[in-house]
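In this note's numbering, the protein residues as written are 1271 to 1409.
(1) Return helix, strand or coil for residue 1408, following the three-state DSSP convention.
(2) Roughly how far, in whole angstroms, is the beta-carbon of residue 1295 from the beta-carbon of residue 1282, given that I think they are within contact range, below 8 Å?
(3) Less than 6 Å between C-beta atoms, sequence neighbours within five positions excluded: which residues of the same chain meet that for residue 1398?
(4) Taking only the alpha-carbon atoms, compute the straight-line gap between residue 1293 and residue 1307 and give it to the nearest angstrom.
(5) Output the distance between the C-alpha atoms of residue 1331 and residue 1353, rounded to the nearest integer angstrom.
(6) In its own chain, which residues sit with a C-beta less than 8 Å from the C-beta of residue 1388, not counting the 5 before and 5 after it?
As structure tokens, then:
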């Protein structure tokens, strides 16, 4: 903070030219100078306090920046892990879908075999039953 230059003689002279007695002008000058000096001292103390507080805020801001950086690093690591898990899930879903297709194909093949066996059993039944029916009918 800059100190304001105060010319006490000029101040007293200004008051004297305005018709104020010298002892009153001197008292005003002394009181004004003391008030100015106290104000400057108080302002300097405030400036020191502000600089200290600004330093503390900067330190906390730096600490928060460091913590935020650490959190961002952890988030990035989690996102990477999630990406790997999602890829594994996608692979498993593809395997499950392939397995479903295989099962459907197997079921289709079994249904075809069952249908063939039905026809064969029907044919065997006809072959075995036909002579008995012929005998009953007298053919």
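Every residue, glycine too, gets a C-beta built ideally from N, C-alpha and C.
Put simply:
(1) Start at 1 with the first residue of the chain shown, and residue 1408 comes out as number 138. Residue 1408 falls in the coil class under three-state DSSP.
(2) Taking the chain shown and counting its residues from 1, one reaches residue 1295 at position 25. Taking the chain shown and counting its residues from 1, one reaches residue 1282 at position 12. Going by Cβ atoms, the distance from residue 1295 to residue 1282 rounds to 4 Å, so yes, they are a contact pair.
(3) As a position in the chain shown, residue 1398 is number 128, starting the count at 1. Counting only Cβ-Cβ distances below 6 Å, and skipping sequence neighbours, we find nothing.
(4) Within the chain shown, numbered from 1, the residue matching residue 1293 stands at position 23. Within the chain shown, numbered from 1, the residue matching residue 1307 stands at position 37. Near 21 Å, if we compare the C-alpha coordinates of residue 1307 and residue 1293.
(5) Locating residue 1331 in the chain shown gives position 61, where the first residue counts as 1. Locating residue 1353 in the chain shown gives position 83, where the first residue counts as 1. C-alpha separation (whole angstroms): 32 Å.
(6) Along the chain shown, one-based indexing puts residue 1388 at 118. Cβ within range, chain order: n/a, list empty.
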